[in-house]
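Single-structure report; data block below.
This is the structure:
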């Protein structure tokens, strides 16, 4: 009976784009993360477990002295990037550049490849169309000025934060770092994710970290990842139902 009730609640949640999960077990998360997360959580939609995975990835990169800059595609209000910079500052690192790619005008138009992994009838286009305004889309919208203001709160050197405005298909490869330590992909749709992998994954340093936020949530993101790595063996570890993380070994 209880199992049936839980299943029905999850089905209802799926309709509105939510995933029912147990409350995160914070006992294995250190005090520094808890402190940093408290400062970032209102600026992100990323769940705590995925934020913790990012935090540990930053910590690993610095401890292992993996070269390269930090790249995030799909920034929203800057919460994940803030976590990166707060963690770097706590580790006394201020010389790594942070590249932040976003339209800063909300989500771009999705294609037929973009629908919910759990239900093909939940198409991204339908939600996108409802949120389309004259000059922007209110879905995941945060202006460049807002994100700059949020990033300034961290006190990370502003000359080492690179804001790249526009669709990634139009800004990459024109603006890219020469080497990447962490590559975090959170643009949701097929075309942008595939473009990012084609141009940015080759720049990821050996033993660098790749994080894909929506692999288990949006079919387009999953399709792009599966296609790109179809002949490139890589081990993706599951963060939660949607997030995936991998280390580039060669």
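Residue numbers (this note's numbering): 215 to 464. Even for Gly, the Cβ is constructed at its ideal location relative to N, Cα and C.
Using CA atoms only, rank isn't needed, just tell me which of 258, 266, 335 and 256 is closest to residue 245. 266
Run through DSSP, which three-state label would residue 417 get? helix
Helix, strand or coil at residue 342 [DSSP, three-state]: helix
Determine the closest residue to residue 381 out of 372, 373, 375 and 407, with distance taken between C-alpha atoms. 407
Looking at the structure shown, is residue 434 part of a helix, part of a strand, or coil, going by DSSP? helix
Under a CB-based cut-off of 7 Å, is residue 330 close to chain C? Of the protein chains in this structure there is only one, and it is not chain C.
For residue 371 and residue 413, which I take to be in contact (beta-carbon distance under 8 Å), what is that distance rounded to the nearest angstrom? The Cβ separation is near 26 Å, so there is no contact.
Residue 368 beta carbon less than 7 Å from that of residue 300: yes
Can you give me the Cβ contacts of residue 331 inside the same chain, cut-off strictly under 7 Å, excluding the 5 residues immediately before and after it? 430, 431, 432, 433 and 436
Member of 263, 323 and 334 whose CA lies at the smallest distance from the CA of residue 344: 323
Going by C-alpha to C-alpha distance, which of 328, 377, 248 and 427 sits closest to residue 339? 328
Pairwise C-alpha distance: residue 373 and residue 230: Since pLDDT at residue 230 reaches only 46, below the 50 mark, its modelled position is unreliable, and the value read off the structure follows with that caveat. The straight-line gap from Cα to Cα measures roughly 40 Å.
When you compare only the Cα positions, how much space is there between residue 424 and residue 451? Going by the C-alpha atoms only, they are around 10 Å apart.
Going by the DSSP bridge assignment, what does residue 333 pair with across the sheet? Residue 333 pairs with 330.
So what does DSSP say about residue 403, is it helix, strand or coil? coil
Applying the criterion that 16 or more other CB atoms from any shown protein chain within 10 Å of the CB defines a buried residue, is residue 539 buried or exposed? Beyond the ends of the chain as shown, which are 215 and 464, falls residue 539; an answer cannot be given.
Which residue from 378, 421, 375 and 262 puts its Cα closest to that of residue 463? 421
When DSSP labels each residue in this structure, what does residue 425 get in the three-state scheme? Per DSSP, reduced to three states, the secondary structure at residue 425 is strand.
What are the residues that DSSP puts in a beta bridge with residue 377? 314
Can you name the start and end residues of the alpha helix (DSSP H) that residue 382 belongs to? 382-385
Integer Cβ distance of residue 286 from residue 251, believed to fall under 8 Å: Residue 286 to residue 251, Cβ: 17 Å. No contact.
3 or more residues per run - each beta strand (DSSP E) lying fully within the stretch 234-301: 283-287
Enclosing beta strand (DSSP E) for residue 460 [first to last residue]: 458-461
Assumed close pair residue 364, residue 321 - CB separation to whole angstroms, cut-off 8 Å: At roughly 19 Å, the Cβ-Cβ gap does not stay under 8 Å, so residue 364 and residue 321 are not in contact.
Residue interval of the alpha helix (DSSP H) (run including residue 365): 358-366
Coil, strand or helix - residue 448 by DSSP: coil
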